[in-house]
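So the structure is just underneath, and the comments pick up after that.
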Amino acid sequence: MQEITLELKLEIARMQSELNKYEKKYNLRTKEFYLQFEKGKLNDGKDFMIWSGIYELQMDSKNKLNEII
Numbered sequence: 128m129q130e131i132t133l134e135l136k137l138e139i140a141r142m143q144s145e146l147n148k149y150e151k152k153y154n155l156r157t158k159e160f161y162l163q164f165e166k167g168k169l170n171d172g173k174d175f176m177i178w179s180g181i182y183e184l185q186m187d188s189k190n191k192l193n194e195i196i
C-alpha cells in the first residue's frame with residue numbers, strides 16, 4: 128500500500144511540475160484555466176488540450192490517493 132501511495136504522490140508532483148510550466152507560460156492558474164476551458168471560453172489549441180488533460184489526470188490521481196489513505 129505504501130508503494131502505491133508513494134507512486135501516486137510522485138505522479139502528482141510530476142504533473143504539478145508540468146502544470147506550473149503552463150501557468151507560467153499563460154500567466155494563469157490551472158484551476159482558473161480549467162474553469163474557463165470547460166465553459167468554452169478558451170480555444171481547443173494543442174497547449175490547452177494537453178494542459179486540461181494533465182490537470183484531469185492529476186485530479187484522478189489525487190482522488191485515488193485520498194481513497195487509499
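Sequential numbering of the sequence shown, starting at 128, is according to the working numbering.
Ideal Cβ positions, reconstructed from N, Cα and C, are used throughout, including at glycine.
Problem set entry | Of the listed residues 143, 133 and 132, nearest to residue 179 (C-alpha basis) | The shortest C-alpha separation from residue 179 is found at 143.
For this session: Would you tell me roughly how many angstroms separate the C-alpha atoms of residue 136 and residue 170, rounded to the nearest one?
Result: 31 Å
For this session: Identify whether residue 166 lies in helix, strand or coil by the three-state DSSP scheme.
Result: coil
Exercise. Taking only runs of the alpha helix (DSSP H) that begin and end inside the segment 132-186, which ones reach a length of at least 4 residues, in chain order?
Worked result: 157-165
For this session: Return the CA-CA distance between residue 151 and residue 157, expressed in angstroms with no decimal places.
Result: Approximately 10 Å, taken between the alpha carbons.
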